[in-house]
Amino acid sequence: MKASYKQWLTSLPQPSGLLEAIQRKSRKALLDMEIKLIEDDSWRLTNRKQLENLLKLPLDNSKAKQEINTNKGLARLPSKGFRLDLNGKSNCFDQDKLPTGFSVLNSKEIKTFIENQSKNNINPEHWSIAINNASSNHIIGLRIKGNDIPALELVMQAKEKEFIPTRILIIIEDKSDLELLEVLVGANKSGQSHMIDIYLGKESKLQHGLICSGRSESNFLANVIVNQEAFSTYNFTSVQYGYELGRLETHINQKDGNAKTNLNGLQVSTGNEQLATYSKIHFNGPEGHFDQLQKSTASKKSHCIFHGSINVPKIAQQTNASQLSKNLLLSKRAKIDTKPELKIIADDVKCTHGATISQLQEDEIFYLRSRGISAKQATSLLIEGYCKEILESLPVEASRWGILTQILTSIQE
Amino acid sequence: MIRENSELLIEITDLHASVEDQPILNGVNLKIKAGEIHAIMGRNGSGKSTLSKVIAGHPAYKVTSGSISFQGINLLELEPEDRARQGIFLGFQYPIEIPGVSNLEFLRVATNSRRKQLSHEELDTFEFEDVVREKLKIVQMDEAFLNRSVNEGFSGGEKKRNEILQMALLEPMVSILDETDSGLDIDALQIVAAGVNKLAKAETATLLITHYQRLLNEITPDFVHVMAAGKILKTGNKDLALELETSGYEWVDQEIKNEAGNS
Ligand SMILES: Nc1ncnc2c1ncn2[C@@H]1O[C@H](COP(=O)(O)OP(=O)(O)OP(=O)(O)O)[C@@H](O)[C@H]1O
Ligand SMILES: [Mg+2]
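Protein chains in written order, with the working numbering: chain A, 1 to 413; chain B, 1001 to 1263.
Following this line, the structure appears as structure tokens:
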């Protein structure tokens, strides 16, 4: 691991531009921490070899403008929103094409935000955040103001045998709301590092979906960093499948408590895939609400990992948090690791958590078969039923991406 | 209705079956012809549901010897789904709840797989909705049940009606109804019984598994079989059920003892 990782870091283009300082800092931090990473508990289960493959891929430094509302053989464009293709290769795009309600943050605003990141319970030296910080040359910042504004669709498409870092910052003003769908699309032997910073103002609301749709031997590391002011609502649904190595980390901070956070997640692994979700929520004030349902299904020789931690310090009295991890094991050789974790110091709180691992029920399959439904189709219906609960909480227009069909075919291949 | 020369639909010969090496069926013999209604009665645990599941092909039960043929073909060679497509229907004693799977979609996929077998055109979502609406009337079920997950949270009686709805949609040749009457209130029993009577045709047959005469008052059986210790101990006409109603199953113990003594 050591040598290739160092090599990869030194192969990155010279730090420059708006992110120059953070790039330098993170690269240095990464060099210093490489040993620690191996001991770090949150990386203990990670498929080291695949991670190494990811960190061998070269980063292409050519500049290309980001595009708005183009459709390169992907799902058709949203009808009640617009699409922005993030290619990680520049921060310029046709700003005139942005609908009302959206404006672009200037460099100064972005800089201030990044520099303040560490004040918001986020550790910029956390390994996968540092990877993005070290390699991202560009960042786009958007400010959202208003209600009933068009939905935003961000597409991050991988390229064969390339490593692409993408980074975006979204600030939602007080009392504003947004529907955001992000789609990571893998490519053969590709690597992606995606990071989104979200700031939710008072009484604002974000409906956020993240689809991570991999192809053979594609890999991604993603970080979703959310800071919520009081009385804001953050609803997040993530879906991962098809990546050889997938790792999503969500870091949520209710800055003054009093906010609502709902997380729904689905991981569908097959083949030799390893998909992981690590989520952390920190309540920095009282009366916060948190509800999480994480589902995984693992088939063939694949591996699903979930680690969710809920941090309720003294200041967070009357927090109401619940976390449930439900897992479906579809083969004897597949593996599931799940760890819901509560760290509670406050005494007047309502927190529950739990985890279940089950298999497809023979009686359910027989019931369907006894109605003329083939064993294969019965399995498919049951898995569909299992996944639907999560898929239904994605933004409505997510269905254009045909996720369910892709998931079901991936399992049956 | 018993007719001399009607087609033999099901023929079970000396059927033995076990679960986890535990024998449960110990030599069942049964013939069912088109147009007939059979009833199987018997104590709890005598093997009635096991027989029904073995006919439907439940993989947990292993047939150790004997045969089941359906219209002359060896049923035991067929997968459960193929048995269903050929026209075997099992109304479950305990219908299974399947969270997340829409009842409507389930019914449509099931109906289409049977239609395909019968060389009928498959129905799309819209066409199917019309068909299912008609069939709902037979069991007087509300359309709202279509939009729920299969049997999830259905009351006992609602689950049983959903079974009959499936029977109505699949138009089977042989319907085995395992305690479809249990858990039904008086009105529901009449609705379900009327449904079964309506669906019974000269070329199809029905096998009712029940504990109660009240069902047999609504659906008159041509034959009544008493099952005990994994086999059919006695066969009679509808009067046998009435007899059981008054005298219970005590005589069964004696018969089993006699039989053990004889062999
Ligand atoms: N899957 C199984 N595993 C273990 N034992 C079983 C299984 N299925 C059936 N049995 C046993 O076989 C016997 C017959 O069961 P079955 O369900 O066929 O009875 P039944 O006649 O339908 O009874 P009831 O009138 O109570 O419905 C019982 O002793 C039961 O416990
Ligand atoms: Mg029974």
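C-beta atoms are modelled at their ideal positions from N, C-alpha and C, and glycine is treated no differently.
Small disclaimer: the values here were computed from a predicted structure and weren't measured.
Between the alpha carbons of A:Ser107 and A:Ser218 lies a distance of about 32 Å.
B:Val1174 places its beta carbon less than 9 Å from that of B:Phe1089. Under the three-state reduction of DSSP, A:Asp148 is assigned to coil, being neither helix nor strand.
The distance from the Cβ of B:Thr1204 to that of B:Ala1039 is about 16 Å, inconsistent with a contact at the 8 Å cut-off.
For ligand 2, no non-hydrogen atom lies closer than 8 Å to the CB of A:Glu273. Under a criterion of Cβ atoms nearer than 8 Å, the residues of chain B adjacent to A:Ala375 are, in order, Glu1079, Glu1081.
With a minimum length of 4 residues, the unbroken runs of alpha helix (DSSP H) contained wholly in the segment 1122-1203 of chain B fall at 1125-1139, 1156-1170, 1186-1199. For B:Gln1213, the uninterrupted alpha helix (DSSP H) segment begins and ends at 1213-1218. Check the Cα spacing between B:Ser1069 and each of B:Lys1159, B:Lys1062, B:Arg1083: the tightest is with B:Arg1083. Counting only unbroken stretches of 3 or more residues, the beta strand (DSSP E) elements lying wholly within the segment 237-311 of chain A are 245-254, 260-269, 274-283, 289-298, in sequence order. About 16 Å separates the beta carbon of A:Ser193 from that of A:Ser238, a gap too long to meet the 8 Å contact definition. The residue from A:Glu413, A:Leu98, A:Val268 with its alpha-carbon nearest to that of A:Thr277 is A:Val268.
With fewer than 16 neighbouring CB atoms inside 10 Å of its own CB, B:Met1001 falls in the exposed class.
For the segment 340-371 of chain A, the set of positions with a beta-carbon nearer than 9 Å to some beta-carbon of chain B reads Gln361, Glu362, Asp363, Glu364, Ile365, Phe366, Tyr367, Leu368, Arg369, Ser370, Arg371 in chain order.
Contact check for A:Gln323 and A:His353: beta-carbon distance about 4 Å, within the 8 Å limit, so the pair qualifies. No Cβ of chain A is located within less than 9 Å of the beta carbon of B:Pro1023. Residue burial annotation: A:Glu397 is buried, with at least 16 other C-beta atoms found within 10 angstroms of its C-beta. Annotation: Cβ neighbours of B:His1058 in chain A (cutoff 7 Å, chain order): Phe366.
Of the other Cβ atoms in all chains shown, fewer than 16 fall within 10 Å of the Cβ of A:Cys92; this residue is therefore exposed. Secondary structure at A:Tyr234: strand, using DSSP grouped into helix, strand and coil. Set against 8 Å, the gap from the CB of B:Gly1248 to the closest heavy atom of ligand 1 is not smaller.
The C-beta of A:Glu413 has fewer than 16 other C-beta atoms within 10 Å across all chains shown, which makes the residue exposed. For A:Glu109, the enclosing alpha helix (DSSP H) has its first and last residue at 107-116. Where A:Ser103 is concerned, the enclosing beta strand (DSSP E) starts and stops at 102-104. Of the other Cβ atoms in all chains shown, 16 or more fall within 10 Å of the Cβ of B:Asp1181; this residue is therefore buried. In terms of beta-carbon proximity, A:Ala398 stays away from the interface with chain B, with every pair separated by 9 Å or more. A contact between stretches requires three or more CB pairs, one per stretch, nearer than 8 Å, and the segment 1209-1228 of chain B fails this requirement with the segment 1120-1140 of chain B. Residue-level contact by beta carbon holds for A:Ala378 and chain B, with a gap shorter than 9 Å.
Distances from the CB of B:Ile1209 to the heavy atoms of ligand 2 include at least one below 8 Å. Annotation: A:Leu12 is outside any alpha helix (DSSP H) and is labelled neither H nor E by DSSP. Not one heavy atom of ligand 2 is found less than 8 Å from the C-beta of A:Ser370. Going by DSSP, B:Glu1081 is part of the alpha helix (DSSP H) stretching over 1080-1086. Of A:Ser190, A:Lys202, A:Lys205, the smallest CA-CA separation from A:Gly214 is found for A:Ser190. Taken through DSSP and simplified to helix, strand or coil, B:Ala1241 comes out as helix.
DSSP places A:Cys387 inside the alpha helix (DSSP H), whose first and last residues are 375-391.
For B:Glu1179, the distance from the CB to the nearest heavy atom of ligand 2 is below 8 Å.
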